[in-house]
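In our numbering, the protein residues as written are 1 to 236.
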């Protein structure tokens, strides 16, 4: 019931967000630049967050929880969190560094004018950190859901809509290109969602102590389970 209620509220907030965006910014070149800049990290989200990662992480997490070995469960979460964070920070850094080339490639593929490259690249450098934040949010949400803590993970997406709405209404006027507020709204939304869910893991006694070891058995098992879904996401 709680999940359904928050899902409905999130969809209503999403409708309000889209309506405000259309009324405030229309469908000009700067909005198109934002759409491209958001689409790229949001696509990668399907791999590192709720898509491929969650579908591989949750079954292993549930299996360890059923075994009742709390030390093994903590060790698994610690190592997966460390590996995931290292990976998405690396991808985020590369994305920000190569933003002009990524922007040019996607604009060519989308058949859009190359004059937007600089604006798309600037927005990409704002939106790419969202990938890191939302990936760590997805890990926390998966842990909480596995422990039947559904309310906060269901509420978290509302912060996305709220952040973008506030950015449009209160901060767009301060940017040389007002549509940049959309990119900042997305980035801050990811951070807010992460800050909401990670303390909740601590209350369960499961806040990760980040450990980096890609050879850890649990990390390798999650990676193997991710491979088929990564492929299906890339061709979808």
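Backbone N, C-alpha and C define an ideal beta-carbon position, used for all residues, glycine too.
Own chain partners of residue i with C-beta closer than 8 angstroms, once the 5 adjacent residues on each side are dropped
i	result
residue 226	47, 52, 53, 55 and 56
residue 204	143, 144, 147 and 149
Proximal residues to residue i (C-beta, below 6 angstroms), its chain only, five neighbours per side dropped
i	result
residue 216	79
residue 39	none
residue 31	25 and 179
C-alpha gap between residue i and residue j, whole angstroms
i	j	result
residue 184	residue 200	25 angstroms
residue 35	residue 72	42 angstroms
residue 29	residue 148	44 angstroms
residue 245	residue 68	Since the first residue shown for the chain is 1 and the last is 236, residue 245 is missing from the structure and cannot be characterised.
residue 222	residue 23	44 angstroms
residue 176	residue 120	14 angstroms
residue 210	residue 85	8 angstroms
residue 61	residue 194	19 angstroms
residue 15	residue 27	16 angstroms
residue 90	residue 122	19 angstroms
residue 97	residue 192	24 angstroms
residue 170	residue 64	46 angstroms
residue 70	residue 58	16 angstroms
residue 224	residue 218	10 angstroms
residue 105	residue 21	26 angstroms
residue 118	residue 75	44 angstroms
residue 229	residue 174	41 angstroms
residue 66	residue 33	47 angstroms
residue 11	residue 220	36 angstroms
residue 7	residue 152	11 angstroms
Alpha helix (DSSP H) segment containing residue i, residue limits
i	result
residue 136	117-146
residue 190	180-203
residue 59	52-67
residue 213	Segment: none, residue 213 is in no alpha helix (DSSP H) and carries neither H nor E.
residue 158	151-166
residue 82	70-97
residue 35	29-48
Residues of its chain near residue i, where Cβ-Cβ distance is below 7 angstroms and the 5 sequence neighbours each way are ignored
i	result
residue 207	198 and 201
residue 3	150 and 154
residue 102	40, 95 and 124
residue 9	158
residue 43	none
Contact under 7 angstroms by Cβ, residue i with residue j
i	j	result
residue 172	residue 181	yes
residue 37	residue 127	yes
residue 145	residue 17	no
residue 13	residue 158	yes
residue 156	residue 212	no
residue 83	residue 231	no
residue 187	residue 129	yes
residue 116	residue 107	yes
residue 88	residue 139	no
Distance cut-off 6 angstroms: residue i Cβ against heavy atoms of the ligand GDP
i	result
residue 160	You won't find the ligand GDP in this model; it holds no ligand whatsoever.
**OP:** Examine the Cβ distances between the segment 159-168 and the segment 75-86 and report whether three or more of them are shorter than 8 angstroms.
**Re:** Here the segment 159-168 makes no contact with the segment 75-86; the two share fewer than three CB pairs at distances below 8 angstroms.
Original post:
For the 8 angstroms Cβ check, are there 3 or more pairs between the segment 130-145 and the segment 30-48?
Top reply: yes
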